[in-house]
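*Asks:*
In the working numbering, the protein residues as written are 8 to 258.
1) According to DSSP, residue 41 sits in a beta bridge with which residue or residues?
2) Starting from the Cα of residue 111, find the closest Cα among 12, 167, 182 and 180 and give me that residue.
3) So residue 59 packs on residue 81, CB below 8 angstroms; how close in whole Å?
4) Using only the alpha-carbon positions, how far apart do residue 230 and residue 57 sit?
5) For residue 84, write down the residues that DSSP places opposite it in a beta bridge.
6) Span of the alpha helix (DSSP H) holding residue 92?
7) How is residue 159 classed by DSSP in three states: helix, strand or coil?
8) Should residue 195 go down as buried or exposed, given a rule of 16 or more other Cβ atoms within 10 Å for buried?
9) Classify residue 2 as helix, strand or coil using the three-state DSSP reduction.
10) For residue 47, count neighbouring Cβ atoms within 10 angstroms of its own Cβ and tell me buried if that reaches 16, exposed if not.
11) Evaluate residue 254 with the Cβ neighbour count: other Cβ atoms within 10 Å of its Cβ, from every protein chain shown; 16 or more gives buried, anything less gives exposed.
12) The alpha helix (DSSP H) spanning residue 138 covers which residue range?
13) First and last residue of the beta strand (DSSP E) that includes residue 232?
14) Using 8 angstroms as the threshold, is the stretch 168-188 in touch with the stretch 200-214, meaning 3 or more CB pairs across them?
15) Quick one: using the 10 Å Cβ neighbour count with 16 as the cut-off for buried, is residue 45 buried or exposed?
16) Got a sec, what are the start and stop residues for the alpha helix (DSSP H) residue 195 sits in?
17) What residue range does the alpha helix (DSSP H) around residue 104 cover?
18) Let's see if you can read the secondary structure: which residues bound the beta strand (DSSP E) around residue 28?
19) Residue 11 by DSSP, collapsed to three states: which one?
20) Could you check where the alpha helix (DSSP H) with residue 177 kicks off and where it finishes?
21) Do residue 11 and residue 72 have their C-beta atoms within less than 9 angstroms of each other?
22) Run through DSSP, which three-state label would residue 257 get?
23) Whose C-alpha, out of 232, 228, 205 and 198, is nearest the C-alpha of residue 217?
24) Run through the DSSP bridge pairs and tell me what residue 66 is partnered with.
25) On the premise that residue 15 lies in contact with residue 43, defined as a C-beta separation below 8 angstroms, what is that separation, rounded to the nearest angstrom?
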């Protein structure tokens with residue numbers, strides 16, 4: 008039986024007469040690496056906020072694995088496997104890299120109230136945290152203080168903390184924001200190498216990165232879906248070239 012993914016049905020968000028998102032119906036298949044792109048003000052972050060429960064929709068529904076989750080709070084969606092990161096890091100600067108991930112794992116397992124008293128005895132949590140850090144090429148930084156990390160590694164650490172919740176769907180709001188251009192490709196190579204049991208939906212403005220790493224692309228314009236398809240289908244659509252890509256070639 009085919010596993011159901013993340014789906015929306017007529018999802019909309021209005022503030023008075025302003026239409027942030029209008030009648031968005033998407034189906035994001037399990038395991039895919041999907042990009043969400045569009046001009047500034049297209050409603051990309053609003054859509055992520057609707058998917059994760061930060062905002063309540065004005066109309067429509069969100070489904071995760073076949074379950075309607077429209078009315079669930081953010082933490083309940085996390086428990087069901089839907090996790091997100093933000094444009095700006097939300098880390099604890101005084102913790103080490105390892106402590107940050109162990110804390111997130113302890114939150115998931117219910118040991119969060121006692122983890123700091125006996126970190127050395129949290130063997131299972133430490134082993135899991137080190138495995139996550141290794142998957143993101145951060146294991147050598149485990150003992151470093153978060154505030155001392157280069158910004159690119161802070162973004163990777165934020166993703167490590169998100170992975171500690173064991174998400175099935177990981178939503179990334181501009182993961183490369185603020186990272187030097189030379190490091191962006193490395194970041195996305197790490198993300199692309201994550202296990203296929205983690206589905207990725209990411210917002211990104213760098214079209215070179217999008218067309219290099221995304222398997223599916225959804226284009227939002229004025230709060231609505233203009234097109235959704237493979238990179239080749241999106242790049243070849245004349246409407247996309249007109250409103251967003253211009254004459255650049257990504258075929």
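Even glycine gets a Cβ: it sits at the ideal position worked out from N, Cα and C. As the structure is a computational prediction, the values presented were derived from the model and not from experiment.
*Replies:* So, from the listed chains and residues:
1) 208 and 223
2) 167
3) 6 angstroms
4) 13 angstroms
5) DSSP, once it has assigned bridges, lists no residue as partnering residue 84.
6) Premise fails: residue 92 lies in the beta strand (DSSP E), 89-92, not in any alpha helix (DSSP H).
7) helix
8) buried
9) Absent from the model: residue 2. The displayed extent of the chain is 8 to 258, so no value can be given.
10) exposed
11) Legend: pLDDT at residue 254 = 46, less than 50; position of this residue unreliable, no value from coordinates given.
12) 130-142
13) 231-236
14) yes
15) buried
16) 188-199
17) 104-116
18) 25-31
19) coil
20) Careful: residue 177 lies outside any alpha helix (DSSP H), inside the beta strand (DSSP E) at 176-180.
21) yes
22) Confidence in residue 257 is poor, its pLDDT being 48 and thus under 50, which makes the residue's placement too unreliable to answer from.
23) 198
24) 19
25) So it is not a contact: roughly 12 angstroms between Cβ atoms.
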